[in-house]
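Heads up, the thing below is written out as structure tokens.
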Amino acid sequence: MREVEVKALLVDPYQNTPVVLLKDFNSDKVVPVWIGNAEATAIAIALQEKEFPRPLTHDLLQTMVQTLGGELDMVVIDNIQDATYYATIFLRDPNGNVFEVDARPSDSIAIALRMSTPIYISEEVFANSAVDMPDTTGDEQDREKFRVFVENDMNLINFKKYIGNSPANPNETS
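Residues in the sequence shown are numbered from 2 upward in steps of one, following our numbering.
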């Protein structure tokens, strides 16, 4: 598994859909995950560390886990099928028992950010979906490279075609 961080939260200009970029700590590659608007808002709120007078859904889940004496060990984006990612949340109860809960990556990320929990991607998912991301911290030329990357490579239709043509696709026939 590879530990990743949320590098950016963007909007795919072709699909007008939010995309979260998960950057591998040990490379210059990112895994783009297309998400819904509500989940993008939840992730943005966590990234900005905003608080509201009443708990939002992911805040409620965090409070429930903590109130019951549990811990969130990690979240793992562990599968991709038909350009849809799957994740598992690993919860630990007060007795040390670990439970695996199926979840959407977007919800997993939103909860992990709130609970300061590591986010991982399986090697297989990373190998099949990671793309190079240019450095965005530099000069205007670097920012232009990033803009071109977003406009050309961050296209959901192209990504679905890419995943569909991947040799690791379980639906592919020889």
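Cβ atoms here follow ideal geometry from the backbone N, Cα and C, with glycine treated the same way.
Worksheet item: Can you tell me whether residue 51 is buried or exposed, with buried defined as 16 or more other CB within 10 angstroms of its CB?
Response: exposed
Worksheet item: Secondary structure at residue 56, three-state DSSP: helix, strand or coil?
Response: coil
Worksheet item: Using the beta-carbon count (16 or more within 10 Å), is residue 32 buried or exposed?
Response: buried
Worksheet item: Tell me which same chain residues have a C-beta within less than 8 Å of the C-beta of residue 66, skipping the five on either side of it?
Response: 72, 73, 92, 116
Item to complete: Look up residue 186 in the DSSP assignment and say whether it is helix, strand or coil.
Response: The structure shown has nothing for residue 186, since the chain only spans 2 to 175.
Worksheet item: Are residue 5 and residue 120 closer than 7 Å when you measure CB to CB?
Response: yes
Worksheet item: To the nearest angstrom, how far is it from the Cα of residue 133 to the Cα of residue 111?
Response: 24 Å
Worksheet item: Of the choices 103, 56, 94, whose alpha-carbon is the least far from that of residue 80?
Response: 103
Worksheet item: Which residue or residues does DSSP assign as beta-bridge partners of residue 82?
Response: 85
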